[in-house]
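Residue numbers (this note's numbering), protein chains in the order written: chain F, 1381 to 1613; chain C, 116 to 431.
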């Protein structure tokens, strides 16, 4: 019993010392093959959105960059880092603008509050389709306050707007604080990893998941790259 | 049980402590695999509450609903409540899947469980435009038992309570102004994108709609019905008000509870009734008195000056 009482003090002491060795996993997400051509979205049925885009917006199921970079891939520590239960305090937003979701993929911690905003001059309905979390469906006309929500279970949740059927996005609810979404050329970075053995998972909405094992021994930066095979259809 | 105890204590030691110990002793050994080992062995028994329902002064018990369920409901809803009954493949819309515990007809807010009374009313009322008949042959007690019985299929009923029913203020008088405001809301809230400009269920997005299980679903055609027209969750003005405010969970119909005021919802109800062109009612009488034309809505309440100006059109 006495050891048990000493544990908190001991752990605080050691957390501090272990923080000194915080490694980073970073890398790039790429694809091989030829991705299916993303269709241009016809927004003519919603002129207030259509006029916000000089050129037609492409479907965002697969977003690529130069040098075969793949964006919108969620990279997270799926095993090895115990979830400390600390919900990140920064507020995150999911914005409906030009009849698109920004960002297309919103990653968050379980129980982390996020805000849904409507920057458009049209009404949207936000309809996430969870299977393990609870389903709801809310209307958000222009000029109404943000909708504040959170999810209490880890899940990959597709989001849609039934009024504007081309609108698709994702809420990715994770049981870890170590996550990133690849963007601007497929880059991602997972900092502040104490020494240990980790499994890093990369998830793409169309290309599936990949994992890689990595060991952090000190404060080094480990390069981990993921290459997805593009689906041609 | 006894032999488990030391194991538990060990796994309770925080990861950081183990890690720290490793470091303080100077060995740069990679992290301990301890925490990667899941809790092995049979799951601890879950205490299952016997399901009940309480409607007025009637209490229903799951055990007593079983025989009626298996005789009258399982054919479509399935023995396990998973909507996989032998008739299910032939049905459109599909039977409700009780394992998800998402229900269309609720007096409670979107994302919450319905009250026992909501479920009992749904059984009694049936669901129009579906194969769910009006079960007015059941006694109230039988319905209460069935409500209790379907709760055994989803764990949500073990841990969650039903939502609080919304409060519905008394209905204001039907006026042409009310209908006119309802029309403005029907436009602004994009109701017509699915239900169509004339409420005929043929809006531009209507053909794309699917329910939460990806099955195609049709928006309601208001124009078809006559005096006896029924909506999914009732036929009175109060029922339509409730549909606006709670949404029909599991379908594309969202909740408007956070974005419109009670009076707005009533105005929407009044306008919606005028889309039921073959129906005799107050709303259509008021509309004929105005020679069938709905005047444009004039906002008489002084609007607070919006802080943000509208963004200019064009690409940004």
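Positions of the beta carbon are idealized from the N, C-alpha and C atoms, including for glycine.
No experiment lies behind these values; they were computed from the predicted model shown.
Just checking my contact of residue i with residue j at CB under 8 Å: how many whole Å lie between their CB atoms?
| i | j | result |
| --- | --- | --- |
| residue 1531 of chain F | residue 1513 of chain F | 5 Å |
| residue 1403 of chain F | residue 1573 of chain F | 5 Å |
| residue 391 of chain C | residue 338 of chain C | 7 Å |
| residue 243 of chain C | residue 347 of chain C | 6 Å |
| residue 1595 of chain F | residue 1458 of chain F | Contact doesn't hold; Cβ gap of about 15 Å is too wide. |
| residue 1496 of chain F | residue 1449 of chain F | Residue 1496 of chain F to residue 1449 of chain F, Cβ: 28 Å. No contact. |
| residue 402 of chain C | residue 294 of chain C | 6 Å |
| residue 299 of chain C | residue 412 of chain C | 4 Å |
| residue 399 of chain C | residue 388 of chain C | 7 Å |
| residue 1610 of chain F | residue 1413 of chain F | 4 Å |
| residue 198 of chain C | residue 212 of chain C | 4 Å |
| residue 253 of chain C | residue 386 of chain C | Wrong, their Cβ atoms sit about 36 Å apart, outside the cutoff. |
If I follow the unbroken alpha helix (DSSP H) through residue i, where does it start and stop?
| i | result |
| --- | --- |
| residue 232 of chain C | 231-240 |
| residue 192 of chain C | 189-192 |
| residue 1446 of chain F | Looking at the DSSP string, residue 1446 of chain F is not in any alpha helix (DSSP H), and its letter there is neither H nor E. |
| residue 1430 of chain F | 1427-1430 |
Compute every distance between the C-beta of residue i and the non-hydrogen atoms of the ligand FMN, then say whether any falls below 7 Å.
| i | result |
| --- | --- |
| residue 1526 of chain F | With respect to the ligand FMN, the structure offers nothing, as it holds no ligand at all. |
Since residue i sits in a beta bridge, which residues does DSSP pair it with?
| i | result |
| --- | --- |
| residue 1576 of chain F | F/1596 |
| residue 358 of chain C | DSSP lists no partner for residue 358 of chain C. |
| residue 1560 of chain F | F/1455 |
| residue 1481 of chain F | F/1476 |
| residue 331 of chain C | C/325 |
| residue 1536 of chain F | F/1552 |
| residue 386 of chain C | Beta-bridge pairing links residue 386 of chain C to no other residue. |
| residue 1567 of chain F | F/1408, F/1563 |
| residue 247 of chain C | Note: residue 247 of chain C sits in no beta bridge, so no partner. |
| residue 349 of chain C | C/346 |
Residue i by DSSP, collapsed to three states: which one?
| i | result |
| --- | --- |
| residue 307 of chain C | helix |
| residue 321 of chain C | helix |
| residue 367 of chain C | coil |
| residue 381 of chain C | helix |
| residue 1544 of chain F | coil |
| residue 1587 of chain F | coil |
| residue 148 of chain C | Any reading at residue 148 of chain C is ruled out, since the residue's pLDDT is 44, under 50, leaving its predicted position unreliable. |
| residue 137 of chain C | At residue 137 of chain C, the pLDDT of 42 sits below 50, so the modelled position is not reliable and the matter cannot be decided from this model. |
| residue 284 of chain C | coil |
| residue 204 of chain C | helix |
| residue 316 of chain C | coil |
| residue 274 of chain C | helix |
| residue 218 of chain C | coil |
| residue 402 of chain C | helix |
| residue 298 of chain C | helix |
| residue 1468 of chain F | coil |
| residue 1609 of chain F | strand |
By the DSSP assignment, the beta strand (DSSP E) with residue i in it spans what residues?
| i | result |
| --- | --- |
| residue 1603 of chain F | 1601-1603 |
| residue 1505 of chain F | 1504-1508 |
| residue 265 of chain C | Unbroken run through residue 265 of chain C is the alpha helix (DSSP H), 255-265; no beta strand (DSSP E). |
| residue 1529 of chain F | 1527-1529 |
| residue 225 of chain C | Per DSSP, residue 225 of chain C belongs to no beta strand (DSSP E) and is neither H nor E. |
| residue 341 of chain C | From DSSP, residue 341 of chain C is part of no beta strand (DSSP E); its letter is neither H nor E. |
| residue 1405 of chain F | 1403-1412 |
| residue 176 of chain C | 173-176 |
| residue 1519 of chain F | 1518-1520 |
| residue 168 of chain C | 167-170 |
| residue 1497 of chain F | 1494-1498 |
If we call anything under 8 Å between Cβ atoms a contact, is residue i one with residue j?
| i | j | result |
| --- | --- | --- |
| residue 1460 of chain F | residue 1587 of chain F | no |
| residue 251 of chain C | residue 180 of chain C | no |
| residue 218 of chain C | residue 210 of chain C | no |
| residue 262 of chain C | residue 175 of chain C | yes |
| residue 374 of chain C | residue 1562 of chain F | no |
| residue 1608 of chain F | residue 1411 of chain F | yes |
| residue 281 of chain C | residue 227 of chain C | no |
| residue 1453 of chain F | residue 1555 of chain F | no |
| residue 297 of chain C | residue 363 of chain C | no |
| residue 81 of chain C | residue 257 of chain C | Coverage of chain C is limited to positions 116 through 431, which leaves residue 81 of chain C absent and any answer about it impossible. |
| residue 222 of chain C | residue 361 of chain C | yes |
| residue 309 of chain C | residue 246 of chain C | no |
| residue 1426 of chain F | residue 1544 of chain F | yes |
| residue 304 of chain C | residue 367 of chain C | no |
| residue 1542 of chain F | residue 320 of chain C | yes |
| residue 1436 of chain F | residue 1420 of chain F | yes |
| residue 1550 of chain F | residue 1539 of chain F | yes |
| residue 331 of chain C | residue 318 of chain C | no |
| residue 1529 of chain F | residue 1553 of chain F | no |
| residue 349 of chain C | residue 336 of chain C | no |
**Request:** Taking only beta carbons into account, state which residues of the stretch 1504-1522 of chain F come closer than 7 Å to chain A, listed in chain order.
**Result:** Reference to chain A is not applicable here, since the protein chains of this structure are F and C.
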